[in-house]
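Structure, as structure tokens:
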Amino acid sequence: MNEITIREARSADVAALVAIFAADELGGHGDTTAPEVFGEYLRAFERIATSRDQTLYVAEREGQVVGTFQTMIVTALVGRGSSSMIIEAVQTRGDMRGQGIGARMIEFAIAEAKGRGLRLVQLTSNASRSDARRFYERLGFKQSHLGFKMALK
């Protein structure tokens with residue numbers, strides 16, 4: 001059975017999610033599976049899980065977490081007060097890439113946004129990830145903005 005199931009993440013998933021993030025060589029977020037910092041991830045999970053405007057999802061195959069993404073709903077005055085979805089932290093377990101999991105996760109997020117009547121979905125990807133850029137373009141995304149970041153820590 002190769003079916004992918006998308007569901008909201010549970011606290012029991014946090015260790016598997018951290019392992020996926022820590023294995024990402026390009027992410028540069030400093031994620032680690034070191035036990036002494038695991039509590040930081042659990043606290044972040046609780047903040048996300050109790051937020052009305054954020055949802056953390058997992059993709060499962062045969063009971064194993066094989067991918068994840070997070071959505072955030074943002075409402076702005078621009079666009080006559082419309083709301084949009086930001087898709088963040090899209091990750092597929094390294095040994096599972098190329099099997100349609102990422103596409104399934106993004107399609108799920110888009111369907112959620114459409115179901116809520118949102119104006120658009122948007123995401124960012126590390127500029128060095130040319131494969132990811134092609135992946136998102138294949139799914140219908142258009143490169144439209146230039147992003148900037150400022151590290152504070």
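Note that UniProt numbering has the sequence shown beginning at 1, numbered continuously upward. Virtual Cβ for every residue (Gly too), placed ideally from N, Cα, C.
* **Cα-Cα separation between SER83 and ASP95, rounded to whole angstroms** => Roughly 35 Å between the two C-alpha positions.
* Spell out the partners DSSP gives ILE20 in its beta bridges. => DSSP, once it has assigned bridges, lists no residue as partnering ILE20.
* Asked: Is it true that the region 126-144 meets the region 32-45, where meeting means three or more beta-carbon pairs spaced less than 8 Å apart?
  -> Too few Cβ pairs lie closer than 8 Å, so no.
* Could you pull out every unbroken beta strand (DSSP E) segment of at least 3 residues lying fully inside the UniProt domain "N-acetyltransferase" (4-153), listed in chain order? => Fully enclosed beta strand (DSSP E) runs of 3 or longer: 4-8, 54-61, 64-75, 83-92 and 121-123.
* Which listed residue (PHE21, ALA127 and ALA89) has its alpha carbon closest to that of MET72 -> Nearest neighbour of MET72 by Cα position, chosen from PHE21, ALA127 and ALA89, turns out to be ALA89.
* Can the beta-carbon of GLN70 be found less than 9 Å from the beta-carbon of ILE48? -> A contact, by the Cβ cut-off of 9 Å.
* Determine the direct distance from the alpha carbon of ASP53 to that of ALA103, and round the result to whole angstroms. => When the Cα atoms are used, ALA103 and ASP53 turn out to be separated by approximately 23 Å.
* When the Cα atoms are used, what is the spatial distance from ARG80 to LEU120? -> Their Cα atoms are separated by approximately 13 Å.
* **Burial state of ALA151, where buried means 16 or more other Cβ atoms lie within 10 Å** => When all chains shown are included, ALA151 counts as exposed.
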